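Enquirer:
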Amino acid sequence: MKIIRFDEINSTNEYAKKLQEYDENVFILAKKQTSGKGTKGRSFSSNEGGVYLTKVCIHSNFLAKDAFLIMARTAVAVCKTLEDFSLSPKIKWANDVFVSNKKICGILIENVFSGKRIVRSIIGVGLNVNNALPEELEKCATTMQLEKNEPLDFQAVENKLIAYLNEEFSMEEYLKRVGYLNEEITFVENGKGFLAVAVRVENDGGLVVETSDGERKVYTGEVSLRLKR
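The opening residue of the sequence shown carries number 478 in the working numbering; numbering runs sequentially from there.
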């Protein structure tokens, strides 16, 4: 395992994409990102005090149809890290991690495909630890420091997260941490919202929801969900 550290960088994911050598799993870590990336092209607040890392993972035989497992494994690693500090995280399908109904971590996974296989994964994680939050995020995001009412040992958090990202994974670990099931949630599909009750997540990563027309299965990338606050 190789670790590359920066005091400041535009984006650990963008740096990872430019690496030419991929002969081993590599972690890129930064104390601060100036252009942190979130899903769907959104920016990700990355003030100093958070853990911002990207894991470059090489796959020898990983089918594209199993891509959700990479997402699930990453979310579980984050949850285990938080649980080690006596916090109670929940996964908001598909891979956002929440504590006290507020987002504490963002995950961005960018896969490189060859035919029906994934050959490389760029796994980005931004975990709010002791960092300050922008005013516009205070109502919807939180940090480990805010939840514990004291600063955390940053290095201990980082070390645990790296260790868990390298651990073996089972889908059961993901399923038992999924929150917001049996709740009526607003889903957005093709720009239009609809109400449905989240019933369960299945092994392929699909979320079964109950609508006024009956059950249907939706997939990440097709729909997004919005929690009531």
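Backbone N, C-alpha and C define an ideal beta-carbon position, used for all residues, glycine too. This one's a predicted model, so the numbers in the text were calculated from it and none came from an experiment.
For Gly668, I'd like the list of residues in its chain whose CB is within less than 6 Å of its CB, leaving aside the five on either flank, ordered along the chain.
Expert: What you label residue 668 is simply residue 191 of the sequence shown in a count that begins at 1. Counting only Cβ-Cβ distances below 6 Å, and skipping sequence neighbours, we find nothing.
Enquirer: Check whether the stretch 569-589 and the stretch 672-689 are in contact - that is, three or more C-beta pairs closer than 8 Å.
Expert: Segments in contact, yes.
Enquirer: Return the chain-ordered list of same chain residues with a C-beta closer than 7 Å to the C-beta of Phe539, the five sequence neighbours on each side being excluded.
Expert: Taking the sequence shown and counting its residues from 1, one reaches residue 539 at position 62. The residues are Arg594 and Ile595.
Enquirer: List the endpoints of the continuous beta strand (DSSP E) containing Leu671.
Expert: Indexing the sequence shown from 1 puts residue 671 at position 194. Checking the displayed sequence, the identity of residue 671 turns out to be Phe instead of Leu. From DSSP, the beta strand (DSSP E) with Phe671 extends over Lys669 to Val678.
Enquirer: Could you tell me the alpha carbon to alpha carbon distance between Asn607 and Glu666, rounded to whole angstroms?
Expert: Translated into positions along the sequence shown, residue 607 becomes position 130. Translated into positions along the sequence shown, residue 666 becomes position 189. Those two C-alpha atoms are separated by around 35 Å.
Enquirer: Short of 8 Å in beta carbon distance, which residues of its chain neighbour Glu501, apart from the five on each side in sequence? Order them along the chain.
Expert: Here residue 501 is taken as the residue at index 24 of the sequence shown, counted from 1. Counting only Cβ-Cβ distances below 8 Å, and skipping sequence neighbours, we find Met478, Lys479 and Ile535.
Enquirer: To the nearest angstrom, report how far apart Lys637 and Gln622 are at their CA atoms.
Expert: For this step, residue 637 is matched to residue 160 along the sequence shown. For this step, residue 622 is matched to residue 145 along the sequence shown. Each residue's alpha carbon lies about 16 Å from the other.
Enquirer: Just tell me which of Lys580, Val533 and Leu652 has its CA closest to the CA of Glu679.
Expert: Residue numbering aside, residue 679 sits at position 202 when the sequence shown is read from its first letter. Per the Cα distances, Leu652.
Enquirer: By the DSSP assignment, the alpha helix (DSSP H) with Tyr651 in it spans what residues?
Expert: Counted from its first residue, the sequence shown places residue 651 at position 174. Membership of Tyr651 in the alpha helix (DSSP H) is indicated by the continuous run Met648 to Leu652.
Enquirer: Nearest to Ser647 by alpha carbon, out of Thr551, Asn487, Leu658 and Gly601?
Expert: The residue given as residue 647 occupies position 170 in the sequence shown. Nearest C-alpha to Ser647: Thr551.
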